[in-house]
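Counting from 1, one number per residue, gives the positions in the sequence shown under full-length UniProt numbering.
Built from N, CA and C at the ideal position, the CB exists for glycine as well.
Nothing here was measured: the structure is a model prediction, and the numbers come from that model.
The structure under discussion appears below in the form of structure tokens.
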Amino acid sequence: MTAKLIYIGTMLFLAVTFYLAMKRIMRRDNYINSLILAFLERGEMTKAELLDTMYEYGCNDFRLKKIIARHNATREDYELVFDKIFHWANFKKRRRYLPINSFFFVSSLDYILEHKNDDAKKLATKMMNHFHF
1 MTAKLIYIGT MLFLAVTFYL AMKRIMRRDN YINSLILAFL ERGEMTKAEL LDTMYEYGCN
61 DFRLKKIIAR HNATREDYEL VFDKIFHWAN FKKRRRYLPI NSFFFVSSLD YILEHKNDDA
121 KKLATKMMNH FHF
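Structure below.
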């Protein structure tokens, strides 16, 4: 009987954890898509507003703020990297737009902040490979 309760408790814990993770992912993806639509398609957002919004999101997200703190990233760093990726990879595929999506995922943000002084083409190519463009 005890083994059954442990099993049921473990499965319940895993199900709740999975649900919460998926909810967070869906919320983030919808937020990214709203930024893409506002900036790229409707033109409701300027580049400065977009960068401010992305930096604020990164500073408030529990995973991304650790990376921002580790690299001592500033809003100017965001602008530098955004311009590099924008120059070489300014295209949209489905609900992804590289200059925006690169700042919302742990692995891509870590890479672009670590290599922010690299060549723009190399940085954009790495992000295209990362997001399967």
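- Taking the Cα of I25 as reference, the smallest distance to any Cα among F104, F131, E114 is reached at F104.
- Its chain contains W88 as the residues whose beta carbon lies nearer than 8 Å to that of K121, once the 5 sequence neighbours on both sides are disregarded; these appear in chain order.
- Within the segment 55–105, the complete alpha helix (DSSP H) segments at least 4 residues long are 64–70, 75–88, 98–101, listed from N- to C-terminus.
- Less than 7 Å divides the Cβ of L80 from the Cβ of K116.
- Annotation for R28: the continuous alpha helix (DSSP H) segment containing it runs 2–36.
- Comparing alpha carbon positions, the residue from S108, F86, Y111 closest to P99 is F86.
- L123 places its beta carbon 7 Å or farther from that of H71.
- In this structure, the CA atom of I36 is about 21 Å from the CA atom of Y111.
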